[in-house]
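FYI, the numbering for the sequence shown is 896 to 1042, going by this note's numbering. From the three backbone atoms N, C-alpha and C, an ideal C-beta is built for every residue, glycine too.
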Amino acid sequence: MPAEIARHEDFVTADDGFISVEVLTGPNWSVYSLDKKGALFVEMPKPISSYSIEKCPFIYPHLFEDSIRVAEIDLQTYFKFGDELESDYKPPKCLFFTNTARSASTLFGSMLQHEDHSTVISEHPALSTIAIKFCQGYLSEKVRKKF
């Protein structure tokens, strides 16, 4: 498991061709990391919803250790893709992401997790990555506004 923030360099990859961006909307795909180059997605063996806080107190080690395939898109495509998804997406009644370690977020998230009603994904690395990069001024103001 990576000791730092999630990043592209966590994976050694070989080009296996292209897939449609729409494939990334599948239930087994999740964003892993975001930076100036783009977004890195990982495909998991099970749907992301099966990594809820009741079964998986922290998702970040699973996204790294259990991933079976990675895909990368540039930031412009990522933002366009997000805008398109936003208009078609039907979220669950309650969706709660936590990313602050050692803040009782696991306890709080566990109280909110209820099968078929609410889904809690705990400590997703993409949220931590964005927060750190915002604070360090890594991303330009234009890119920061898009997030």
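Residue i vs residue j beta-carbon contact at 7 Å
i: Glu967; j: Leu935; result: yes
i: Thr1024; j: Leu929; result: yes
i: Lys1028; j: Leu1034; result: yes
i: Ser947; j: Gln1008; result: yes
i: Gly933; j: Asp978; result: no
i: Thr976; j: Val916; result: Residue 976 is actually Phe in this sequence, not Thr. Yes, these two residues count as a Cβ contact at 7 Å.
i: Phe953; j: Ser1017; result: yes
i: Val864; j: Gly1032; result: No answer is possible for residue 864: it lies beyond the span of the chain, which begins at 896 and ends at 1042.
i: Pro922; j: Pro940; result: no
Spatially closest choice to residue i from the options, by CA coordinates
i: Thr908; options: Tyr973, Val965 and Leu1002; result: Val965
i: Thr972; options: Arg902, Glu904, Ala901 and Val1038; result: Val1038
i: Trp924; options: Ile963, Val916, Val937 and Glu1018; result: Val937
i: His903; options: Lys985, Lys931 and His1019; result: Lys931
Contact test: residue i Cβ vs the ligand NAD heavy atom, cutoff 6 Å
i: Glu904; result: Inclusion of the ligand NAD in the displayed structure is not the case, the ligand content being empty and no account of it being possible.
Local conformation of residue i per DSSP, three classes
i: Phe936; result: strand
i: Val926; result: strand
i: Ala898; result: Bear in mind that the predicted position of Ala898 carries a pLDDT of just 49, short of 50, making it unreliable; the figure below should be weighed with that in mind. Correct three-state label for Ala898: coil.
i: Ser915; result: coil
i: Tyr946; result: helix
i: Ser1035; result: coil
i: Asp978; result: helix
i: Glu1027; result: Looking at the sequence shown, residue 1027 is not Glu but Ile. It is helical.
i: Ala1021; result: helix
i: Ser998; result: coil
Beta-ladder partner(s) of residue i, from DSSP
i: Arg964; result: Glu938
i: His903; result: In the DSSP output, where bridge partners are listed per residue, His903 has none listed.
i: His1009; result: Ser1013
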